[in-house]
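Quick note, the sequences are listed as chains G and X, same order.
Residue 128 in the working numbering is what sits at position 125 of the first sequence, and the numbering runs on without skipping anything.
Residue 55 in the working numbering is what sits at position 52 of the second sequence, and the numbering runs on without skipping anything.
Every residue gets a Cβ at the ideal spot worked out from N, C-alpha and C, and that includes glycine.
Have a look at the structure below before the remarks.
Protein chains: 2
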Amino acid sequence: MAARHEEIAEALRRAIDREDYTVGSLLPPETELAARYGVSRGTVRQAVATLTAEGLIGSRQGARRVVLAGRRSQSFAELRSFAQWARAMGREATGRVITQEWRTATAEDRVRLQLDPGARVLHVLRLRGLDGQPVLLERTVYADWISPAVEHIEADCPSVTQRLLDDTGLVFAYGEHVIDAVAAGARDAELLAVRRTSPLLRVRRVTTTREGRPVEWSDDRYRPDAVSFSVHNSIGNNALARKTAE
Amino acid sequence: MAARHEEIAEALRRAIDREDYTVGSLLPPETELAARYGVSRGTVRQAVATLTAEGLIGSRQGARRVVLAGRRSQSFAELRSFAQWARAMGREATGRVITQEWRTATAEDRVRLQLDPGARVLHVLRLRGLDGQPVLLERTVYADWISPAVEHIEADCPSVTQRLLDDTGLVFAYGEHVIDAVAAGARDAELLAVRRTSPLLRVRRVTTTREGRPVEWSDDRYRPDAVSFSVHNSIGNNALARKTAE
DNA sequence: GTGGAGCACTTGTCTGAACAAGTTGGCCTC
DNA sequence: GAGGCCAACTTGTTCAGACAAGTGCTCCAC
């Protein structure tokens, strides 16, 4: 936390948390906040823009900003790492590799991961749990250039993301997620301890490095009684988009 | 489209669409863009910040911005209105009210919609389709102050959002969405023309006005073979958050 | 050739100022 | 009392400049 605008954003978040500003109430004007924190109006605007993007407050020209949400659905709960997310919630994440094998990249793999023809990719089927309960089945395909580092990670490593960061310095920086629902197959049902045909929440995602290079793509299936997703959107900020089947 | 920074954002979007900048390539430096469009660096930064939030480009201090995604998953495809979204995709939206009735607000209704005890709310069950195929079943509860306007809308109105805007000037400005999966019940199955227990994608949402006042909350169930959702997130921008069951 | 130092380049942060545009509430008129 | 107009307030847009901080490349020494 170096930047002044981040400090101010955090101070405002805490104030909302503390209910200094309750849901539905109005935030002070920018000029007042600028004076209070001893910064220029631009810096305050940067701070409140962050909160607006997070969905905590609403903003429109001419009117004072309004507090939209109170409970801080821990937005630092990173989507990047299952283990980091679990720890942030005070839960313990477990992970276990079920199967792991090398295959030649299919046409779909090559498109999603920007690979050359004939590249060898690593397919990993991993079961993940929260406090001992299985909640997520991941079918992940890793790009050829990162697969060797993934291959030798022990089967019960709780955080692959952290492990890759420590070993190779790799950071998962961007992700594209497509969400739908599927019926559990026989394998899914057995591993997740649900009945066959019971509904699962599916997230297909592609993760890329800071440079924009795809690292992995994955078909993740969650037990919907254990995990859900939440998105905030506003008139000027459409993070979530509806899609039709291709 | 009045603001200069929006024009520049749109110009850059089109350039990425046209593949003037291909996926993985680098965007010109801010100073060069500023010179090209005859604006200050701050205005360019506002434009590229928009594209960064949309997930089209990646940004990090010291390095040139990189193009992350090419295909413009029409991000103006509003999440606010099913009908507007369908039209933007060149599809025809239909809607039909199945049941509609007044009830006294439950405790849950009062919390979600910020209502006083004893308020009367309107429950509407609405089936929506794309090009004649049923794809979405909406169970919506409208706040007492807007329900009278909703009550008299004809049963087959294709766009309730548009209708409320025309009739009352109401704008749906903010939304909080929680996404999971459920098995189709008997009623769901019959109306959506799927087998009972087949998986449905469920979105529970609360919509508010520009002033931050809740208008409606809804349990929407989509046929996952027809509709999915997509979200982009990045290291500094977590629109999507994972949640555990309460 | 390998590693490190250094440098040019690029993005991030912040200021202070000015004007545009939308909102809100009060006042005045009819 | 109802309606409309206006003025104060507040957020949105844009500018020009300065410095901080991270990246990536070249070049040099070993």
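Practice task
Compute the beta-carbon to beta-carbon distance between residue 72/X and residue 133/X, rounded to the nearest angstrom, for a pair I have assumed lies under 8 angstroms.
Solution key: Not confirmed; about 25 angstroms, so no contact.
Handout entry: Distance between residue 225/X and residue 91/G (C-alpha atoms, nearest Å)
Key = 31 angstroms
Exercise for the section: Put residue 45/G into one of helix, strand or coil per three-state DSSP. Expected result: helix
Practice task
Counting only runs of 4+ residues fully inside the region 72-158 of chain X, write out the alpha helix (DSSP H) ranges in chain order.
Solution key: 85-91, 110-116 and 150-154
Exercise for the section: Express the C-alpha separation of residue 246/G and residue 37/X in angstroms, rounding to a whole number. Expected result: 35 angstroms
Handout entry: Helix, strand or coil at residue 187/G according to DSSP, with G and I counted as helix
Key = coil
Practice task
Decide if residue 43/X is buried, meaning its Cβ has at least 16 other Cβ atoms within 10 Å, or exposed.
Solution key: exposed
Exercise for the section: In angstroms with no decimal places, state the Cα-to-Cα distance between residue 58/G and residue 236/G. Expected result: 7 angstroms
Handout entry: Inter-residue Cα distance where the pair is residue 79/X and residue 94/X
Key = For residue 79/X, the pLDDT reaches just 39, beneath the cut-off of 50, and the residue's location in the model is therefore unreliable, although a value from the coordinates is still provided. Between residue 79/X and residue 94/X, the C-alpha separation is close to 15 angstroms.
Practice task
Give the DSSP-derived three-state secondary structure of residue 14/X in the structure shown.
Solution key: In this structure, DSSP gives residue 14/X a helical state, which the three-state scheme calls helix.
Practice task
Look at the alpha carbon of residue 105/G and the alpha carbon of residue 123/G, and state the distance between them as a whole number of angstroms.
Solution key: 6 angstroms
Practice task
Show which residues of chain X have a CB atom less than 8 angstroms away from the CB atom of residue 190/G.
Solution key: Near residue 190/G there are no residues of chain X at all, since even the closest Cβ is about 16 angstroms away, more than 8 angstroms.
Handout entry: Partner residues on chain G for residue 214/X, Cβ-Cβ distance less than 7 angstroms
Key = 69
Exercise for the section: Spatial neighbours of residue 202/X within its chain, please: CB distance less than 7 angstroms, with the 5 preceding and 5 following residues excluded, ordered by chain position. Expected result: Within the same chain, and ignoring the five residues on either side of residue 202/X in sequence, the residues whose Cβ sits closer than 7 angstroms to its Cβ are 184, 186 and 227.
Handout entry: Nearest to residue 52/X (by Cα), restricted to the options 30/X, 41/X and 23/X
Key = 30/X
Problem - Endpoints, the beta strand (DSSP E) within which residue 163/X is located - result: Run containing residue 163/X: none in the beta strand (DSSP E); it sits in the alpha helix (DSSP H), 163-171.
Exercise for the section: Determine, using beta carbons only, whether residue 96/X and residue 161/X come nearer to each other than 8 angstroms. Expected result: When the beta-carbon positions are compared, residue 96/X and residue 161/X come within less than 8 angstroms of each other.
Exercise for the section: Flag residue 76/X as yes if its beta-carbon sits less than 8 angstroms from any beta-carbon of chain G, otherwise no. Expected result: In this prediction, residue 76/X scores a pLDDT of 49, lower than 50, which makes its location untrustworthy; the coordinate-derived value is nonetheless stated afterwards. Residue 76/X counts as touching chain G.
Practice task
Report yes or no: is there a C-beta of chain G within less than 8 angstroms of the C-beta of residue 161/X?
Solution key: Against chain G, the CB of residue 161/X has no partner CB under 8 angstroms away; the residue lies outside that interface.
Practice task
Would you list the residues sitting across from residue 222/X in a DSSP beta bridge?
Solution key: 142/X and 207/X
Exercise for the section: Give me the Cβ distance between residue 234/G and residue 180/X, rounded to the nearest whole Å; I'm assuming they're in contact under 8 angstroms. Expected result: 5 angstroms
Practice task
Ignore the nearest five residues each way along the sequence and tell me which others in residue 213/G's own chain have a CB closer than 7 angstroms to its CB.
Solution key: 174 and 176
Problem - Helix, strand or coil at residue 229/G [DSSP, three-state] - result: coil
Exercise for the section: Would you tell me roughly how many angstroms separate the C-alpha atoms of residue 77/X and residue 18/X, rounded to the nearest one? Expected result: For residue 77/X, the predicted structure reports a pLDDT of 45, less than 50, and the residue's modelled location is therefore unreliable. The matter cannot be settled from this model.
Practice task
Could you run through the region 161-178 of chain X and flag, in chain order, every residue whose CB is less than 7 angstroms away from some CB of chain G?
Solution key: 176, 177 and 178
Problem - Environment of residue 250/X [buried if 16+ CB atoms lie within 10 Å] - result: This structure cannot settle anything about residue 250/X, because the visible part of chain X is limited to 4 through 249.
Handout entry: Whole-Å CB distance - residue 60/G paired with residue 47/G, under 8 angstroms assumed
Key = Not quite, the Cβ-Cβ distance comes to about 13 angstroms (not below 8 angstroms), so this is no contact.
Exercise for the section: Locate the beta strand (DSSP E) running through residue 66/G, then write down its first and last residues. Expected result: 66-70
Exercise for the section: Determine whether the Cβ of residue 200/X lies closer than 8 angstroms to any Cβ atom of chain G. Expected result: yes
Problem - Residue range of the beta strand (DSSP E) that includes residue 63/G - result: 60-63
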